[in-house]
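Student:
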Amino acid sequence: MNTKRWIAIIIATFLFIFSVGLNAVIGFFSSDLVSSVTEGTDLPLKENVLESGSITEKIALLTVNGVIQDVGSGTVWSQVEYDHQLFLKQLDKILQDPTVQAVVISVNSPGGGAIESAEIHKKLVQIKKERNIPIYVSMGSMAASGGYYIAAPADKIYAHRETITGSIGVIMSGYNFSKLAENFGVEFETIKSGEHKDMFSGTRPTTEEEKAMMQEMINDSYEVFVDVVEEGRGMSEADVKAVADGRILGGSQAVRAGLVDELGGLEDVIASLRNDYGLQNATLLEYSAETGGLRSFIGMKVNSLFGPSAEQQMLTKIMNSSNSPRLMYLYGEF
1 MNTKRWIAII
11 IATFLFIFSV
21 GLNAVIGFFS
31 SDLVSSVTEG
41 TDLPLKENVL
51 ESGSITEKIA
61 LLTVNGVIQD
71 VGSGTVWSQV
81 EYDHQLFLKQ
91 LDKILQDPTV
101 QAVVISVNSP
111 GGGAIESAEI
121 HKKLVQIKKE
131 RNIPIYVSMG
141 SMAASGGYYI
151 AAPADKIYAH
161 RETITGSIGV
171 IMSGYNFSKL
181 AENFGVEFET
191 IKSGEHKDMF
201 SGTRPTTEEE
211 KAMMQEMIND
221 SYEVFVDVVE
231 EGRGMSEADV
241 KAVADGRILG
251 GSQAVRAGLV
261 DELGGLEDVI
271 ASLRNDYGLQ
281 NATLLEYSAE
291 TGGLRSFIGM
301 KVNSLFGPSA
311 EQQMLTKIMN
321 SSNSPRLMYL
331 YGEF
């Protein structure tokens with residue numbers, strides 16, 4: 001064969017190999033493996049041993065840190081302070097694992113969404129009913145409103161003397177921009193199907209009738225909150241409502257009010273649980289999403305190649321945010 005024919009064969013071979021390789025890369029990067037890493041979805045749970053012990057007796061340490069709301073899962077290019085779906089997945093893991101003999105929940109949260117708090121509470125009650133294992137809570141610097149809501153079903157609650165807790169109640173808030181808009185000559189043009197379709201939208205003052213409607217919603221959720229505390233703490237409705245006016249309490253005050261059992265830190269909680277239930281030899285573990293090895297390597301490479309900039313992340317967050325009011329078990333500004 002002459003030189004031109006050899007060159008043609010080499011080029012054709014190169015193009016064939018390149019095409020096959022490109023298709024393989026495209027298929028790989030569209031696979032569930034990479035999607036689970038880059039999107040933070042459906043990652044298996046990994047057990048991280050904190051204190052070694054029996055493989056048939058385990059204490060699961062779970063952590064709620066931050067505002068309790070479902071804002072999605074973390075990805076390789078953006079992390080979330082609190083991952084609601086991951087936390088629920090950990091509770092499901094405990095329901096299915098007979099070797100887990102007790103649960104400790106470390107709570108450091110001002111509360112959050114009424115729905116998310118209720119979902120956690122429901123799972124904890126299910127664990128107590130179906131697994132019949134003890135649940136202890138260790139409060140950090142704050143376990144207020146929804147943070148207390150999820151602690152209420154625990155068998156024993158510990159707090160620091162300096163812990164801010166309580167804030168039992170419900171809040172819904174929004175902004176009224178109508179006067180500000182008027183000062184700048186901005187007019188809101190709204191076409192709606194009913195008189196109250198734009199209530200609490202921020203474009204006009206809320207009427208007294210509409211405030212009464214929302215107050216009824218607030219009152220219903222408040223009574224549910226009170227019932228949760230009554231059932232979880234074995235308190236009367238009168239005793240709960242005596243401190244369920246939204247006030248915050250320090251750790252010592254919460255003990256006197258019956259909302260907390262004892263003062264102490266996380267180490268005290270774990271030691272007490274071991275002694276109370278004969279779990280001195282139990283393994284202490286915590287869960288995390290499995291992102292190590294190949295998945296972690298792939299994630300870092302994808303992030304370095306295609307990860308959004310800080311400005312893009314901020315823009316995405318703003319575009320995905322909703323200003324619609326919602327019922328919150330929340331203390332402080334949000």
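Those letters in the sequence shown? Residues 1 to 334, by the UniProt record's numbering.
Think of the CB as a built atom: it goes at the ideal place given N, C-alpha and C, for glycine as much as any other residue.
1) On the DSSP bridge list, what partners appear for T283?
2) For S35, count neighbouring Cβ atoms within 10 angstroms of its own Cβ and tell me buried if that reaches 16, exposed if not.
3) Would you grab the beta carbon distance between T99 and I150 for me? Rounded to a whole angstrom, and I think it's under 8 Å.
4) Quick one: give me the first and last residue of the alpha helix (DSSP H) that L91 is part of.
5) A244 and G169 - do their beta-carbons sit closer together than 8 Å?
6) Which partner residues does Y136 have in the DSSP bridge list?
7) To the nearest angstrom, how far is it from the Cα of K89 to the Cα of V64?
8) What residue does the alpha helix (DSSP H) around V125 start on, and which one ends it?
9) Would you call M142 buried or exposed, if buried means 16 or more other Cβ atoms sit within 10 Å of its Cβ?
10) Which runs of the beta strand (DSSP E), 3 residues or longer, sit entirely within the UniProt domain "Peptidase S49" (129-278)?
11) Please classify A152: is it buried, with 16 or more other beta-carbons within 10 angstroms of its beta-carbon, or exposed?
12) Please report the distance separating the alpha-carbon of I171 from that of Q79.
13) Between I94 and I68, is the Cβ-Cβ spacing less than 8 Å?
14) Cα separation between I135 and L279?
15) Within this structure, are the beta carbons of L249 and T165 separated by less than 8 Å?
16) Kindly indicate the opening and closing residues of the beta strand (DSSP E) around L45.
17) Taking the CB atoms as reference points, tell me whether L273 and L50 lie closer together than 8 Å.
18) How is the beta strand (DSSP E) around Y329 delimited, first residue to last?
19) Per DSSP, what kind of secondary structure is T13 in: helix, strand or coil?
Tutor: Inspection of the coordinates gives the following:
1) Walking along the sequence shown from the start, residue 283 turns up at place 283. In DSSP, T283 forms a bridge with K58.
2) Along the sequence shown, one-based indexing puts residue 35 at 35. Only weak support is given to the placement of S35: the predicted model assigns it a pLDDT of 48, under 50, and the value that follows is read from those uncertain coordinates. Flag for S35 reads exposed.
3) Mapped onto the sequence shown, residue 99 falls at position 99. Mapped onto the sequence shown, residue 150 falls at position 150. The pair is not a contact, with the Cβ atoms about 24 Å apart (cut-off 8 Å).
4) Residue mapping note: residue 91 aligns to position 91 of the sequence shown, counting from 1. Residues H84 to Q96.
5) Position 169 of the sequence shown, counted from the start, is the residue given in the question as residue 169. Position 244 of the sequence shown, counted from the start, is the residue given in the question as residue 244. Yes, Cβ-Cβ distance for G169 and A244 is below 8 Å.
6) Residue 136 sits at position 136 when you count from the first residue of the sequence shown. In the DSSP output, where bridge partners are listed per residue, Y136 has V104 and K156.
7) What you label residue 89 is simply residue 89 of the sequence shown in a count that begins at 1. What you label residue 64 is simply residue 64 of the sequence shown in a count that begins at 1. One C-alpha to the other measures close to 13 Å.
8) By 1-based counting over the sequence shown, the position of residue 125 is 125. That run of the alpha helix (DSSP H) goes A114 to E130.
9) On the sequence shown, position 142 is the one that residue 142 refers to. Burial call: buried.
10) 135-144, 156-159 and 164-166
11) The sequence position of residue 152 within the sequence shown is 152, counting from 1. Burial call: buried.
12) As a working note, residue 171 is residue 171 in the sequence shown. As a working note, residue 79 is residue 79 in the sequence shown. C-alpha separation (whole angstroms): 27 Å.
13) Here residue 94 refers to the residue found at position 94 of the sequence shown. Here residue 68 refers to the residue found at position 68 of the sequence shown. Result no, Cβ atoms of I94 and I68 do not sit closer than 8 Å.
14) Within the sequence shown, the letter at position 135 stands for residue 135. Within the sequence shown, the letter at position 279 stands for residue 279. Rounded to the nearest angstrom, the two C-alpha atoms are 13 Å apart.
15) Position 249 of the sequence shown, counted from the start, is the residue given in the question as residue 249. Position 165 of the sequence shown, counted from the start, is the residue given in the question as residue 165. The answer is yes: Cβ separation under 8 Å.
16) Translated into the one-based positions of the sequence shown, residue 45 becomes position 45. Element bounds for L45: L45 to E51.
17) If you number the sequence shown from 1, residue 273 lands on position 273. If you number the sequence shown from 1, residue 50 lands on position 50. Cβ atoms of L273 and L50: not closer than 8 Å.
18) For the purposes of this step, residue 329 is taken as the residue at position 329 of the sequence shown. M328 to L330 is the extent of the beta strand (DSSP E) around Y329.
19) Translated into positions along the sequence shown, residue 13 becomes position 13. T13 falls in the helix class under three-state DSSP.
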